[in-house]
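Each residue of the sequence shown is one higher than the one before, starting from 19 at the first, in my numbering. For each residue, glycine too, the CB sits at the ideal point set by N, CA and C. For clarity, every value in this text was computed on a predicted model and none was experimentally measured.
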Amino acid sequence: MKRGFLEACVLAAISGEESYGYQIVKDVPASMGLTESTLYPLLKRLEKAGCITARSAEHNGRLRRYYRITDDGRARIEEFLAEWPSVREIYTYVEGAHHDAR
């Protein structure tokens, strides 16, 4: 489940403007526990799925990869948001069952 949240957070982080790995890690809430080592495989999956595009550009004498969301990526965010009410319902059930068991 957390993978879906990470994917949505990464897509949201680049939904306004293109960004690069280190900046994406900084922009995603720390509570998600996103690191560069988990980010780059996720970016590759998102690129392969057509949710993002990537380009390389020089920055301070070094190549940096910039990522931009696509229409498919925006649709993926919409799908995530549409599923949120059922996720909230499951959370409420689990929370209630846990407290009732005490």
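Can you give me the start and stop residues for the alpha helix (DSSP H) that residue i sits inside?
i, result
"residue 104", "89-118"
"residue 42", "39-45"
As a quick exercise: from the options, pick the residue whose alpha carbon is nearest that of residue i.
i, options, result
"residue 82", "108, 41, 106", "41"
"residue 26", "110, 109, 96, 108", "96"
Report the partner residues of residue i according to the DSSP bridge assignment.
i, result
"residue 65", "Partner(s): none; residue 65 has no beta bridge."
"residue 84", "38, 73"
Assign residue i to buried or exposed, taking buried as 16 or more other Cβ atoms, counted over all protein chains shown, within 10 Å of its Cβ.
i, result
"residue 37", "buried"
"residue 68", "exposed"
"residue 31", "buried"
"residue 70", "buried"
"residue 21", "exposed"
"residue 111", "exposed"
Under DSSP, the beta strand (DSSP E) around residue i begins and ends at which residues?
i, result
"residue 70", "70-77"
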